[in-house]
Amino acid sequence: MVENDSTKDYSSGSETADEDSDEEDTGLTDNQNRLMYLIDLHTKRSEDRGDVDRWIRKPALAVILYEGIVANIFDYDYAP
Numbered sequence: 053m054v055e056n057d058s059t060k061d062y063s064s065g066s067e068t069a070d071e072d073s074d075e076e077d078t079g080l081t082d083n084q085n086r087l088m089y090l091i092d093l094h095t096k097r098s099e100d101r102g103d104v105d106r107w108i109r110k111p112a113l114a115v116i117l118y119e120g121i122v123a124n125i126f127d128y129d130y131a132p
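Just so we're on the same page, the working numbering is the position in the sequence shown counted from 1, plus 52.
Structure, rendered in structure tokens:
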């Protein structure tokens with residue numbers, strides 16, 4: 053059976069429901085998973101004692117959050 057492009061759901065980043073079932077359930081919301089992914093991209097855990105951890109500073113994290121909100125990546129409101 054040939055799948056029509058109009059039946060594909062691209063909003064989740066996958067083409068079939070089978071791929072969604074393979075994803076690990078973290079118990080977090082989509083926004084929290086996206087933020088954790090971005091933090092993981094900008095940090096690094098040391099591999100051994102001689103290696104150094106790479107951390108992200110709070111102002112840099114605030115910028116990532118703000119830019120993600122403005123780009124509609126996160127469903128948050130940056131105003132108090």
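By construction, the Cβ of each residue, glycine as well, lies at the ideal position given by its N, Cα and C atoms.
Residues near residue i in its chain [Cβ-Cβ closer than 8 Å; skip 5 each side]
{"i": "L80", "result": "M88"}
Cutoff 7 Å: residue i Cβ touching any chain C Cβ
{"i": "P132", "result": "The structure shown contains no chain C; it is built from a single protein chain."}
Cβ distance (whole Å) where residue i is taken to contact residue j below 8 Å
{"i": "Y130", "j": "I121", "result": "5 Å"}
Cβ pair residue i, residue j closer than 7 Å
{"i": "R106", "j": "K96", "result": "yes"}
{"i": "N83", "j": "D127", "result": "yes"}
Same chain, Cβ closer than 7 Å to residue i, five either side skipped, listed in chain order
{"i": "S98", "result": "V104 and D105"}
Close Cβ partners of residue i (< 6 Å) along its chain, the five nearest in sequence each way excluded
{"i": "L90", "result": "I116"}
Complete alpha helix (DSSP H) runs within the stretch 80-106 (minimum length 4 residues, chain order):
82-94
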